[in-house]
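Novice: So that we are looking at the same thing, I have put the structure below in structure tokens.
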Amino acid sequence: MTAARFIFPCRLLRLKMDRHFRGHVWTFGDDISTDHIIAGKYLGTTDPKVFAAHAFEAVDPVWAKKVQPGDLVVAGDNFGCGSSREQAPIALKALGVSAILANSFARIFFRNAINLGFPVLECPGLRRQVNAGDMIEVDMARGEVRLPDGGVTRFNPLPPNVLEILEAGGLVAKIRAELSPKP
Amino acid sequence: MSRSGNEVPYGMSGLTISEKILARASHLDAVRPGQIIDGEVDLLYMHEMLAMALLPFNEIGTTAVWDPAKIVVTLDHWVPPPTPEIAKMHQTIRDFCRKQGIQRFHDVGDHGIVHQLIAERGYAQPGDLVIGSDSHTNMVGAVGAFAAGIGATDTAAVMATGRLWLRVPETLQVEIRGTLSERTTAKDVILKIIGTTGDDGARYAAVEFTGSTVKAFPMNERFVLCNMTTEMGAKVGLIEADETTKEYLAHAGRPFHPIASDEDAAFTKTFTFNVDGMGPQVACPSNPANLKPVEDVAGTKIDVAFLGSCTNARIEDLRIAAGLLKGEKVARGVRFQITPASQIIYRQALKEGLIEIFMDAGATFTSSTCGPCFGGHLGTLAGDEVCISSTNRNYPGRMGSPQAQVYLASPWTVTASAIHGEITDPRKV
Chain F
1 MTAARFIFPC RLLRLKMDRH FRGHVWTFGD DISTDHIIAG KYLGTTDPKV FAAHAFEAVD
61 PVWAKKVQPG DLVVAGDNFG CGSSREQAPI ALKALGVSAI LANSFARIFF RNAINLGFPV
121 LECPGLRRQV NAGDMIEVDM ARGEVRLPDG GVTRFNPLPP NVLEILEAGG LVAKIRAELS
181 PKP
Chain E
184 MSRSGNEVPY GMSGLTISEK ILARASHLDA VRPGQIIDGE VDLLYMHEML AMALLPFNEI
244 GTTAVWDPAK IVVTLDHWVP PPTPEIAKMH QTIRDFCRKQ GIQRFHDVGD HGIVHQLIAE
304 RGYAQPGDLV IGSDSHTNMV GAVGAFAAGI GATDTAAVMA TGRLWLRVPE TLQVEIRGTL
364 SERTTAKDVI LKIIGTTGDD GARYAAVEFT GSTVKAFPMN ERFVLCNMTT EMGAKVGLIE
424 ADETTKEYLA HAGRPFHPIA SDEDAAFTKT FTFNVDGMGP QVACPSNPAN LKPVEDVAGT
484 KIDVAFLGSC TNARIEDLRI AAGLLKGEKV ARGVRFQITP ASQIIYRQAL KEGLIEIFMD
544 AGATFTSSTC GPCFGGHLGT LAGDEVCISS TNRNYPGRMG SPQAQVYLAS PWTVTASAIH
604 GEITDPRKV
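Here the protein sequences come in this chain order: F and E.
First residue of the first sequence? That's 1 in my numbering, and the numbers climb one at a time after it.
First residue of the second sequence? That's 184 in my numbering, and the numbers climb one at a time after it.
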């Protein structure tokens, strides 16, 4: 995996920032809750480094050390269920995860991620088609995932209002743009 | 069809409570599921997430909140603060509220778990669009409001603009009818519903409860139902306001305008749960939908029993615990912690002599906080501990170590289990 990443530095291969990703996959199952992603005991701070350092600790105590910038998370149903803690997507984004693809997302996690400019894509069925460590390519605008065997899985692109927030770089940037006087 | 076509441009059917509230909040005649609206928020409430929201709030570049009179803030997750860093976080929040002129800031001492505080002080009324910085904001929908939880950036956006984009949710109507077995509560009902629909059975949807069982429930039970719609993945849980609601909110002295779904409202799905004779239920580790009737897990040894959280730590819950504990002792080797949902409940428990009963029985009684429920502080679990809890979630690591085993149950089942040192059917004690 390390060698492959050295040969294909994924960030250089992104055709367009935040629209096209190529990266290694980390797989997770159904109902991955915010408690799995970042435990309550680490929330007594506002420092993203702390959240990042303990991401997915309940699943794998050293996951945060293994994940590499540009990696992708692929999960089953209801990813991010549970708490409203935005520290969960903050942790994964801070580690450089470029996007999360899941069969479905819990609603607050979905909003939080989009608001941070962090792509979360509903791609039903993808979880069954990939294995941990696979290299996949995601075209967010076209709604396509290219699998290691060359096959393509399609998904519905994000709705326009959500895409608009993501393209702006997150909700703060979007509101700033709206509030700033027009030239 | 009782509604005219003029009022409903998108179709012939009527509107649900949520659709009516969102239409009003976005100045539209009608809204339909899937539509994106820009809603004017009637009430924004926050706990310590305010500290996380300050960074995006400052980045937005506005200096003042949109309307300090429409904001309520309390401290609940870490009360009193267990570390210097959290004490500092509280200071930051305190200073912000003072500078922004947020009068309804309920500091440590006057605090409560925010959803309970909002409910008991009558801050949310039927028909309001309520936004809270916590996933269990759904609870407040029990007064007939549209109450949805959000994260830090959304919170910052609402603070700055007073508005929030929302996708109009489909409405699932859940009709509950029948008479429960003795010592069986709304908690058992909602666990049963979650166990049936799964922990994403209402993802993105509004859940509207109706039926004779719901109408007969007092407010404390209605709060439990709506509270745990979060564990169905719902955006909101609602109950049409009625005389019970009116009486509960009377002390607030605000105009009371209940909203009902139209008779021909388009519910996406309708479930009917006949709970006649149903007994206590338990959600087993480590998913709120992993349901078993109490008989199936009775005898499981426990180390910890916890009665607390926004879900089940109201005065009625404490009375249940005291009723069972009077003249009894908590089992040897078991720690039973009782943490009321607010300072108002704490005071009431004190007045009624409940705290003395708890102490005589060997339970420990604490100030109000969310601490143990989310594994933050003031009673967390070790890896080999088994806990029965009146809270709402039991995902791995929720209450402490990821190896700890958490069973979710009603105050009746939690207290009976604390006395016997093992999961116990409260009808058999």
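C-beta: ideal position from N, C-alpha, C; glycine also.
(1) So what's HIS289 (chain E) in DSSP terms, helix, strand or just coil?
(2) Among the residues of its own chain, which have a CB less than 7 Å from the CB of GLY566 (chain E), if the five just before and after it don't count?
(3) Could you name the residues of the same chain whose beta carbon sits closer than 8 Å to that of GLN274 (chain E), not counting the 5 residues immediately before and after it, in chain order?
(4) In terms of DSSP beta bridges, what is LYS475 (chain E) paired with?
(5) Report, in whole angstroms, the separation of the C-beta atoms of ALA417 (chain E) and ALA388 (chain E), which I expect to be a contact under 8 Å.
(6) Note down, in chain order, every chain E residue with its Cβ under 7 Å from the Cβ of CYS81 (chain F).
(7) Mind listing the chain E neighbours of ASN156 (chain F)? Cutoff is C-beta to C-beta under 7 Å, in chain order.
(8) Since HIS298 (chain E) is in the alpha helix (DSSP H), which residue starts that stretch and which ends it?
(9) Buried or exposed: where does GLU404 (chain E) fall if 16 or more other Cβ atoms within 10 Å of its Cβ makes it buried?
(10) Straight-line CA distance for ALA481 (chain E) to MET135 (chain F)?
(11) Grab me the residues of ARG5 (chain F)'s own chain with a C-beta within less than 8 Å of its C-beta, minus the 5 sequence neighbours each way, in chain order.
(12) Reducing DSSP to helix, strand and coil, say where GLU404 (chain E) ends up.
(13) Given this structure, state the Cα-to-Cα distance separating ALA599 (chain E) from THR607 (chain E), to the nearest angstrom.
(14) Chain F partners of SER316 (chain E), CB-CB under 8 Å?
(15) Mind listing the chain E neighbours of HIS44 (chain F)? Cutoff is C-beta to C-beta under 9 Å, in chain order.
(16) Would a C-beta distance cut-off of 9 Å place GLU86 (chain F) and GLY604 (chain E) closer than the cut-off?
(17) With distances taken Cα to Cα, identify the nearest neighbour of ALA331 (chain E) among E:MET342, E:SER318 and E:ALA340.
(18) Quick check on DSSP: helix, strand or coil for TRP63 (chain F)?
(19) At a CB-CB cut-off below 8 Å, which residues of chain F make contact with GLU242 (chain E)?
(20) So which of E:GLU231, E:TRP261 and E:GLY284 has the shortest CA-CA distance to ALA247 (chain E)?
(21) Please state the DSSP three-state secondary structure of SER33 (chain F).
(22) Would DSSP call THR547 (chain E) helix, strand or coil?
(23) Counting pairs of Cβ atoms below 8 Å between the segment 223–239 of chain E and the segment 258–278 of chain E, do you hit three or more?
(24) Are the CB atoms of PRO463 (chain E) and THR336 (chain E) within a distance shorter than 9 Å?
(25) Would you mind telling me which residues of chain F sit closer than 8 Å to ASP337 (chain E), beta carbon to beta carbon, in chain order?
(26) Quick one: Cα of GLY188 (chain E) to Cα of THR362 (chain E), how far?
(27) Quick one: residues in its chain with C-beta nearer than 8 Å to the C-beta of MET17 (chain F), no 5 flanking neighbours on either side, listed in chain order?
(28) I'd like to know whether the C-beta of ILE359 (chain E) is nearer than 9 Å to at least one C-beta of chain F.
(29) Measuring alpha carbon to alpha carbon, tell me which of E:ILE269, E:LEU533, E:ARG502 and E:LEU226 ends up nearest HIS560 (chain E).
(30) Can you list, in chain order, the residues of the segment 51–79 of chain F whose Cβ is nearer than 7 Å to any Cβ on chain E?
(31) Look at GLU430 (chain E) and PRO441 (chain E) and say whether their C-beta atoms are less than 9 Å apart.
(32) Please classify LEU408 (chain E) as buried or exposed, where buried requires at least 16 neighbouring CB atoms within 10 angstroms.
(33) Starting from ASN24 (chain F) and walking both ways along the beta strand (DSSP E), at which residues does that stretch end?
(34) Just confirm the distance between the C-beta atoms of VAL73 (chain F) and LEU92 (chain F), as a whole number of angstroms; I'd bet it's less than 8 Å.
(35) Assign PHE6 (chain F) to one of three DSSP states: helix, strand, or coil.
(36) The alpha helix (DSSP H) with ASN112 (chain F) in it runs from where to where?
Specialist: A quick look at the data gives this:
(1) Numbered from 1 along the second sequence, position 106 holds the residue referred to as residue 289 (chain E). Strand at HIS289 (chain E).
(2) Taking the first residue of the second sequence as position 1, residue 566 (chain E) is located at position 383. So the qualifying residues of the chain are SER584, GLN586 and ALA587.
(3) Numbered from its first residue, the second sequence carries residue 274 (chain E) at position 91. Nothing listed; no residue qualifies.
(4) Stepping through the second sequence from its first residue, residue 475 (chain E) is reached at position 292. Under DSSP, the beta-bridge partners assigned to LYS475 (chain E) are E:VAL465.
(5) By 1-based counting over the second sequence, the position of residue 417 (chain E) is 234. By 1-based counting over the second sequence, the position of residue 388 (chain E) is 205. The pair is a contact, with the Cβ atoms about 6 Å apart (cut-off 8 Å).
(6) Taking the first residue of the first sequence as position 1, residue 81 (chain F) is located at position 81. Contact of CYS81 (chain F) with chain E by beta-carbon distance below 7 Å involves ASP382, ASP383 and GLY416.
(7) Along the first sequence, one-based indexing puts residue 156 (chain F) at 156. Those do not exist, as ASN156 (chain F) stays about 13 Å from chain E at its closest Cβ, beyond 7 Å.
(8) Mapped onto the second sequence, residue 298 (chain E) falls at position 115. Where HIS298 (chain E) is concerned, the enclosing alpha helix (DSSP H) stretches over 297–303.
(9) One-based indexing of the second sequence puts residue 404 (chain E) at position 221. Buried is the label assigned to GLU404 (chain E), since at least 16 other Cβ atoms lie within 10 Å of its Cβ.
(10) Here residue 481 (chain E) corresponds to residue number 298 of the second sequence, with the count starting at 1. Here residue 135 (chain F) corresponds to residue number 135 of the first sequence, with the count starting at 1. One C-alpha to the other measures close to 48 Å.
(11) Taking the first sequence and counting its residues from 1, the one referred to as residue 5 (chain F) is at position 5. Here the model assigns ARG5 (chain F) a pLDDT of 36, short of 50, so the residue's position is not dependable and the matter cannot be decided.
(12) Within the second sequence, residue 404 (chain E) is the residue found at index 221, counting from 1. It is helical.
(13) Walking along the second sequence from the start, residue 599 (chain E) turns up at place 416. Walking along the second sequence from the start, residue 607 (chain E) turns up at place 424. Here the alpha carbon of ALA599 (chain E) sits roughly 6 Å from the alpha carbon of THR607 (chain E).
(14) Reading the second sequence from its first residue, position 133 is the one you call residue 316 (chain E). Going along chain F in sequence order, the residues near SER316 (chain E) (Cβ under 8 Å) are SER84.
(15) By one-based count along the first sequence, residue 44 (chain F) stands at place 44. First, the amino acid is wrong: residue 44 (chain F) is Gly here, not His. Here the neighbours are GLU231, HIS260, TRP261, PRO264, PRO265, THR266, GLU268, ILE269, MET272, GLY559 and HIS560.
(16) Counting from one through the first sequence, the residue named residue 86 (chain F) turns up at place 86. Counting from one through the second sequence, the residue named residue 604 (chain E) turns up at place 421. No, the Cβ-Cβ distance between GLU86 (chain F) and GLY604 (chain E) is not below 9 Å.
(17) Residue 331 (chain E) sits at position 148 when you count from the first residue of the second sequence. When only C-alpha atoms are compared, the closest one is E:SER318.
(18) Working through the first sequence from its first residue, we reach residue 63 (chain F) at position 63. Helix at TRP63 (chain F).
(19) For the purposes of this step, residue 242 (chain E) is taken as the residue at position 59 of the second sequence. The contacting residues are VAL172 and ARG176.
(20) Here residue 247 (chain E) refers to the residue found at position 64 of the second sequence. In terms of CA proximity to ALA247 (chain E), E:GLY284 leads the group E:GLU231, E:TRP261 and E:GLY284.
(21) What you label residue 33 (chain F) is simply residue 33 of the first sequence in a count that begins at 1. SER33 (chain F): strand per DSSP, three-state reduction.
(22) Indexing the second sequence from 1 puts residue 547 (chain E) at position 364. Reduced to three states, the DSSP call for THR547 (chain E) is strand.
(23) Touching, yes, given that three or more Cβ pairs across the two stretches are closer than 8 Å.
(24) Residue numbering aside, residue 336 (chain E) sits at position 153 when the second sequence is read from its first letter. Residue numbering aside, residue 463 (chain E) sits at position 280 when the second sequence is read from its first letter. Contact: no.
(25) Along the second sequence, read from residue 1 onward, the residue named residue 337 (chain E) stands at position 154. Within 8 Å Cβ-Cβ: ARG111, ASN112, ASN115 and LEU171.
(26) The residue labelled residue 188 (chain E) in the question sits at position 5 within the second sequence. The residue labelled residue 362 (chain E) in the question sits at position 179 within the second sequence. Residue placement at GLY188 (chain E) cannot be trusted, given a pLDDT of 31 that sits under 50; what the coordinates show is reported in the next sentence. About 40 Å.
(27) On the first sequence, residue 17 (chain F) is found 17 positions in, with the first residue counted as 1. Reliability of the predicted coordinates at MET17 (chain F) is poor, the pLDDT of 44 falling under 50, and no value is obtained from them.
(28) Within the second sequence, numbered from 1, the residue matching residue 359 (chain E) stands at position 176. Chain F contact via Cβ: absent.
(29) Here residue 560 (chain E) refers to the residue found at position 377 when the second sequence is read from its first residue. It is E:ILE269.
(30) If the cut-off is 7 Å between Cβ atoms, the segment 51–79 of chain F has ALA58, ASP77 and ASN78 near chain E.
(31) Within the second sequence, the letter at position 247 stands for residue 430 (chain E). Within the second sequence, the letter at position 258 stands for residue 441 (chain E). Taking 9 Å as the Cβ cut-off, GLU430 (chain E) and PRO441 (chain E) do not qualify as a contacting pair.
(32) Position 225 of the second sequence, counting from 1, holds the residue named residue 408 (chain E). LEU408 (chain E) should be labelled buried.
(33) Locating residue 24 (chain F) in the first sequence gives position 24, where the first residue counts as 1. Contrary to the premise, residue 24 (chain F) reads as His rather than Asn in this sequence. Looking at the DSSP string, the run of the beta strand (DSSP E) that includes HIS24 (chain F) is 20–27.
(34) Working through the first sequence from its first residue, we reach residue 73 (chain F) at position 73. Working through the first sequence from its first residue, we reach residue 92 (chain F) at position 92. Cβ atoms of VAL73 (chain F) and LEU92 (chain F) come within 8 Å of each other, at about 7 Å.
(35) Stepping through the first sequence from its first residue, residue 6 (chain F) is reached at position 6. Any reading at PHE6 (chain F) is ruled out, since the residue's pLDDT is 37, under 50, leaving its predicted position unreliable.
(36) Taking the first residue of the first sequence as 1, we reach residue 112 (chain F) at position 112. First-last of the alpha helix (DSSP H) with ASN112 (chain F): 107–115.
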